[in-house]
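Each residue of the sequence shown is one higher than the one before, counting from 1 in our numbering.
Notes to accompany the following structure.
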Amino acid sequence: MSDRVRIREVCQYLESIAPLSYQESYDNAGLITGEFDETVQGILVTLDCTEAVVDEAIASGCNLIVAHHPIVFKGLKRLNGANYVERVVMKALRAHVAIYAIHTNLDNVHTGVNRKICERLGLKNTRTLQPRRDTLSKLVTFIPPDKSEEVLNALYAAGAGNIGNYSDCSFVTRGTGSFTPNQEARPSVGSRGVKEHVEEVRAEVIFPSHLQDQIMRVLRKAHPYEEVAHYITQVSNDNQEVGAGMVGDLAAPMEPMAFLHGLKNSLGAQVIRATQILEKPVTRVAVCGGSGSFLLKKAIQSGAQVFVSADFKYHDFFDADGQIII
Numbered sequence: 001m002s003d004r005v006r007i008r009e010v011c012q013y014l015e016s017i018a019p020l021s022y023q024e025s026y027d028n029a030g031l032i033t034g035e036f037d038e039t040v041q042g043i044l045v046t047l048d049c050t051e052a053v054v055d056e057a058i059a060s061g062c063n064l065i066v067a068h069h070p071i072v073f074k075g076l077k078r079l080n081g082a083n084y085v086e087r088v089v090m091k092a093l094r095a096h097v098a099i100y101a102i103h104t105n106l107d108n109v110h111t112g113v114n115r116k117i118c119e120r121l122g123l124k125n126t127r128t129l130q131p132r133r134d135t136l137s138k139l140v141t142f143i144p145p146d147k148s149e150e151v152l153n154a155l156y157a158a159g160a161g162n163i164g165n166y167s168d169c170s171f172v173t174r175g176t177g178s179f180t181p182n183q184e185a186r187p188s189v190g191s192r193g194v195k196e197h198v199e200e201v202r203a204e205v206i207f208p209s210h211l212q213d214q215i216m217r218v219l220r221k222a223h224p225y226e227e228v229a230h231y232i233t234q235v236s237n238d239n240q241e242v243g244a245g246m247v248g249d250l251a252a253p254m255e256p257m258a259f260l261h262g263l264k265n266s267l268g269a270q271v272i273r274a275t276q277i278l279e280k281p282v283t284r285v286a287v288c289g290g291s292g293s294f295l296l297k298k299a300i301q302s303g304a305q306v307f308v309s310a311d312f313k314y315h316d317f318f319d320a321d322g323q324i325i326i
């Protein structure tokens with residue numbers, strides 16, 4: 001791999017796909033061991049980071065491991081090799097092997113784990129089962145009318161203005177702005193010490209909250225004013241692009257046993273476990289690429305006949321209660 005690629009750049013790329021802000025509160029995604037400015041010699045990708053995986057990385061000349069599950073999940077109070085987590089971390093540190101985890105942030109992103117499962121099962125009309133409500137912000141700014149398109153286009157290019165299947169979304173109203181430049185100002189309109197009244201447009205755009213720094217850099221660069229009047233508010237709308245689980249429709253109804261056989265083959269599983277097989281045809285399927293107990297009610301409410309999940313808590317497994325096949 002090129003000596004110009006740093007671990008920081010790999011992290012930034014992964015986080016452009018699955019931002020760290022999309023992970024669940026209990027998670028520990030991100031760079032767990034290693035230094036951001038180290039040069040990447042090679043990358044090993046794995047589901048779990050075990051001692052054997054670290055050994056393989058060392059033997060293969062890879063100094064970066066990208067794992068789905070974080071090796072350090074609940075925090076460490078000591079490093080003395082007393083358990084496998086400590087041994088993995090110690091071995092990685094000694095060998096200067098960085099470990100990066102991309103976990104529930106990859107589960108929660110629209111193009112992540114659940115989307116891939118839906119594609120394997122041939123599901124159509126997919127949507128997020130439990131959308132997040134803390135991932136969107138709204139920018140309001142005030143622009144001279146003749147510069148509004150230029151500024152808005154720059155914001156769109158930076159990731160603002162996307163709502164579902166629509167891009168370049170904004171709301172613009174006209175009004176009058178007023179300001180008095182002080183003696184230190186360098187106004188593009190008006191003179192120091194003179195109150196100005198100018199025609200402006202109020203422009204509003206939605207953007208993913210994790211892009212706020214980028215959006216503000218672009219706004220300040222594209223806007224003609226020295227001081228850019230703006231404000232940002234959190235939006236509590238559901239964000240269909242981020243959230244837990246997915247649900248989609250089959251191209252044609254299937255008998256439950258036929259679907260389960262197809263599920264086993266599609267996912268390459270040797271064995272699958274299911275609750276009571278119900279008689280009604282399967283037309284809609286909910287999926288969760290991890291532990292799905294917390295989404296069972298959502299899956300039932302979605303109208304799905306089957307809920308595909310990696311694992312379930314013992315008692316929650318029985319909560320299907322004839323309403324859905326898990």
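For glycine and all other residues, C-beta sits at the position ideal for the given N, C-alpha and C.
Exposure of residue i, with buried meaning 16 or more beta-carbon neighbours within 10 Å
i: Phe318; result: exposed
i: Asn114; result: buried
i: Met254; result: buried
i: Thr33; result: buried
i: Asn182; result: exposed
i: Ser2; result: The pLDDT assigned to Ser2 is 49, lower than 50, so where the model puts this residue is not dependable, and the model offers no usable value.
i: Leu64; result: buried
i: Gly289; result: buried
i: Val271; result: exposed
Those residues which DSSP pairs with residue i across a bridge
i: Val54; result: Per DSSP, none; premise fails for Val54.
i: Phe73; result: DSSP output for Phe73 lists no bridge partner at all.
i: Gln234; result: Ser137
i: Val247; result: Arg127, Ala286
i: Asn80; result: DSSP output for Asn80 lists no bridge partner at all.
Residue range of the unbroken beta strand (DSSP E) whose run includes residue i
i: Ser291; result: 282-291
i: Phe259; result: Segment 256-266 is the alpha helix (DSSP H) holding Phe259; no beta strand (DSSP E) there.
i: Leu64; result: 64-67
i: Asp316; result: Asp316 -> not in any beta strand (DSSP E); alpha helix (DSSP H) instead, spanning 314-317.
i: Ala203; result: 196-208
i: Leu31; result: 30-33
i: Ala310; result: 306-311
i: Thr46; result: 43-46
CB-CB length for residue i against residue j, believed under 8 Å
i: Ala70; j: His96; result: Here residue 70 is Pro; the residue named in the question, Ala, does not match the sequence. The pair is not a contact, with the Cβ atoms about 19 Å apart (cut-off 8 Å).
i: Val247; j: Leu106; result: Incorrect: roughly 19 Å between the Cβ atoms, too far for contact.
i: Val242; j: His110; result: 7 Å
i: Ser170; j: Ala203; result: 6 Å
Residue i CB to nearest heavy atom of the ligand COA below 7 Å
i: Asp55; result: Looking for the ligand COA in the displayed structure turns up nothing, as the structure carries no ligands at all.
Limits of the unbroken alpha helix (DSSP H) element including residue i
i: Tyr84; result: 84-94
i: Ala101; result: Unbroken run through Ala101 is the beta strand (DSSP E), 98-101; no alpha helix (DSSP H).
i: Gln12; result: 7-17
i: Val218; result: 212-222
i: Gln301; result: 296-301
i: Asn108; result: 104-108
Which ranges does the beta strand (DSSP E) cover as unbroken runs of at least 3 residues, wholly within the segment 116-179, from first to last along the chain?
124-132, 136-143, 171-179
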